[in-house]
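Residue numbers (the UniProt record's numbering): 1 to 282.
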């Protein structure tokens, strides 16, 4: 479900929700934790850089064996539905359903969020539509938008042989570059981006890609799959797993990632201020 990592203090009202979503083999804490310095940057560093942000994380079962089990044909869709429902309920309970949303996603977590946005956009329920309508920014860290080598992913989860022996062929194909599921997710996601652009309410998107190979395994998500044509992209000089961990503000990649988040939060503030002024003039 959704867990709050930080709430603004000293009476400061939150103007944006920043939600972290991890990927395969990740979890709420360790995905973003620098183990040497014991720094969890979303809750220890980011809160001081964007003072008026509520920082949250979405947790789900990211065990690699479950993702590739014969029962997991719609695994990404299931997690997307859970994210949409859990975040909507949390925001309704805290009277923050109109607050702007920024996502920071690692690896397959990006596909979960893209799918959740599509579910929100197509939902007949007004309260679920607010999820997509209020999303203003997406930072993708090592997301395989166009697939990845299955063998690398299997070894990445350290269970390659057992997974491949057990998995249904349809599930095995989910992460392949010619995957129909991936193509559908990307098609629906880009339709959302175009529709928001047409409404003059664009969603800001920035992609980050790994620059170092994982020892023995190589590159987990290749550059061509980690970027989206037409949108900004930056390299982080780290491996697939380490690219989501920052020990301090001087750490490679932190300034670039948080710089994007700060810019999007600033845009969110302007929207809030404009709305307040409009309502005050009525």
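Glycine is no exception: its CB is placed at the ideal position from the N, C-alpha and C atoms. All figures in this text were calculated on a predicted structure; none of them were measured in a lab.
Taking just the CA atoms, how far does residue 110 sit from residue 223? 15 Å
Tell me whether residue 212, by its Cβ, gets closer than 7 Å to a heavy atom of the ligand SAH. By its list of ligands, the structure shown contains no ligand whatsoever, and the ligand SAH lies outside what it can speak to.
Assumed close pair residue 24, residue 139 - CB separation to whole angstroms, cut-off 8 Å: Residue 24 to residue 139, Cβ: 18 Å. No contact.
I'd like to check one pair, residue 100 with residue 230: are the Cβ atoms closer than 8 Å? no
List the DSSP bridge partners of residue 106. 141
Determine the DSSP secondary structure at residue 255, reduced to helix, strand or coil. helix
Buried or exposed by the 16-neighbour rule on C-beta atoms within 10 Å, applied to residue 70: With a pLDDT of only 45 at residue 70, under the threshold of 50, the placement of this residue in the model should not be trusted; the figure read from the coordinates follows. Exposed: under 16 other Cβ atoms inside 10 Å.
Within 8 Å, do at least three Cβ pairs link the stretch 188–197 to the stretch 112–127? yes
Inspect the beta-carbon positions of residue 76 and residue 16 and report whether they are closer than 8 Å. no
What residue range does the alpha helix (DSSP H) around residue 89 cover? 75–93
Less than 8 Å between the beta carbons of residue 106 and residue 244, yes or no? yes
Look at residue 227 and residue 252 and say whether their C-beta atoms are less than 8 Å apart. no
Where residue 146 falls: helix, strand or coil (DSSP): coil
Please state whether DSSP places residue 214 in a helix, a strand or coil. strand
Using a Cβ-Cβ cut-off of 7 Å (strictly less than) and excluding sequence neighbours within five positions of residue 40, which residues of its own chain qualify? 29, 32, 33
Kindly list the residues whose CB is nearer than 6 Å to the CB of residue 202, restricted to its own chain and excluding five residues on each side of it in sequence; keep chain order. 196
Quick check on DSSP: helix, strand or coil for residue 262? helix
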